[in-house]
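Visitor: Under my numbering, the first residue of the sequence shown carries the number 2, and numbering increases by one thereafter. Virtual Cβ for every residue (Gly too), placed ideally from N, Cα, C.
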Amino acid sequence: MSTALVRLVDRVRQPEYTGANRCIPCTIVNVVLALAFAIAVGGVVGIVGRAATGALAASVVLVVSLLAIYVRGYLVPGTPTFTKRYFPDRVLAWFDKEPALASQNDGQTQGDEGSGKFDPERILVDGGVTVPCEDEEDLCLADGLRERWRSHVVDVRQGDRVEQVAAFVERDPETITLDDDPSEDRIVAVGTEGGAVAHWESEAALVADLAGARLLNEQLPTWADRPLHERGQIVGGLRAFLETCPACDGQISIDEETVESCCRSYEVYAVTCDDCGARLLEVSA
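(1) Quick check for students: name the residue ranges of the beta strand (DSSP E) that lie wholly in the region 137-170, counting only runs of 3 or more.
(2) Kindly indicate which residue of 281, 277, 276 and 275 has the alpha-carbon position closest to the one of residue 269.
(3) Would DSSP call residue 203 helix, strand or coil?
(4) Grab me the residues of residue 249's own chain with a C-beta within less than 7 Å of its C-beta, minus the 5 sequence neighbours each way, in chain order.
(5) From this set, 205, 209, 189 and 204, which residue's C-alpha is nearest residue 198's C-alpha?
(6) Give a yes or no on whether the C-beta atoms belonging to residue 154 and residue 206 are separated by under 9 Å.
(7) Taking residue 40 as the reference, which of 208, 130, 72 and 66 has the closest Cα?
(8) Evaluate residue 43 with the Cβ neighbour count: other Cβ atoms within 10 Å of its Cβ, from every protein chain shown; 16 or more gives buried, anything less gives exposed.
(9) Tell me whether the beta-carbon of residue 226 lies closer than 9 Å to the beta-carbon of residue 169.
(10) Which residues in the same chain as residue 158 place their Cβ atom closer than 7 Å to its Cβ, once the five residues preceding and following it in sequence are excluded?
(11) In the structure shown, what three-state DSSP assignment does residue 192 receive?
(12) Look up residue 43 in the DSSP assignment and say whether it is helix, strand or coil.
(13) Return the chain-ordered list of same chain residues with a C-beta closer than 7 Å to the C-beta of residue 128, the five sequence neighbours on each side being excluded.
(14) Using the Cα positions of residue 244 and residue 130, report the straight-line distance between them to the nearest angstrom.
(15) For residue 241, which residues from the same chain have a beta carbon less than 8 Å from its beta carbon, with the 5 sequence-adjacent residues on both sides left out?
(16) Have a look at residue 53 and residue 59 and give me their C-alpha separation to the nearest angstrom.
(17) Among the candidates 133, 151 and 70, whose CA atom is the shortest distance from the CA of residue 26?
(18) Beta-carbon separation of residue 57 and residue 35 under 9 Å?
(19) Going by Cα to Cα distance, which pick from 246, 74 and 19 is closest to residue 204?
(20) Would a C-beta distance cut-off of 9 Å place residue 238 and residue 122 closer than the cut-off?
(21) Leaving aside the five residues before and after residue 14 along the sequence, list all residues of the same chain whose C-beta is less than 6 Å from its C-beta, in chain order.
(22) In angstroms, rounded to a whole number, what distance separates the CA positions of residue 253 and residue 61?
(23) If you measure between the beta carbons of residue 74 and residue 134, is that distance less than 9 Å?
(24) For residue 180, I'd like the list of residues in its chain whose CB is within less than 6 Å of its CB, leaving aside the five on either flank, ordered along the chain.
(25) Could you tell me if residue 257 is buried or exposed, where buried requires 16 or more neighbouring beta carbons within 10 angstroms of its beta carbon?
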């Protein structure tokens, strides 16, 4: 591909609507419109000229339209807004476009799935990690655990992040690199095969999980025997008990926010550091 063509593609490309962010319903709508437009153009040209010319014109229009959809994510401007407004929510749900929430997916390898009922909150309670609060109807960390967690946070900050993540996801450190995903403000662990191995909301969330995993390994006798996807959910849920940011020691707050995916909007409770702005956790509202 020539340099000029590469520049042109980069200029029109819209990463927010392509790749992992591609909206499948939007793509389907635009492909159907592209086919209809190509057939219409081919029909008109075929009537005015020859059938062969019409077929060629239809082919050219279709190829150009599909390239536009591939590069930009859609052909018709406003398609993402259109699908959000007019597509039934149950239809959009078929394509699984809900953003992954930290408590559900952070720290998991791609393709991990639970089998049967699994309750991270119950595991933390049964393991004595969380206990009923004294002054309110809620759960709190058991005495002494916050200080131990904090000690692990300090150690993790000073360690080699690649080696730490590799141990967490049970991979050879040489197969792991850490990428900061600018499109989603996430830290992503990537294997040498190019596929995402696991993801975190931020560096602060990653540090919290790495330190939390050390704490839970000490506290829960069955921790090391649990599948990775379960450990990822348990330690991700532990983040709900943070009081200060693992990255900068700043204060954190919980707010209700609207999170936008390509085709849908979701209300979530977001735990964020007030000082550095790091997102620590998102859970469905």
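Guide: For this structure:
(1) 140-142
(2) 281
(3) coil
(4) 274, 276 and 277
(5) 189
(6) no
(7) 66
(8) buried
(9) no
(10) 208
(11) strand
(12) helix
(13) 220 and 221
(14) 16 Å
(15) 104, 272, 282 and 284
(16) 10 Å
(17) 70
(18) no
(19) 246
(20) yes
(21) 72
(22) 55 Å
(23) no
(24) 189 and 191
(25) exposed
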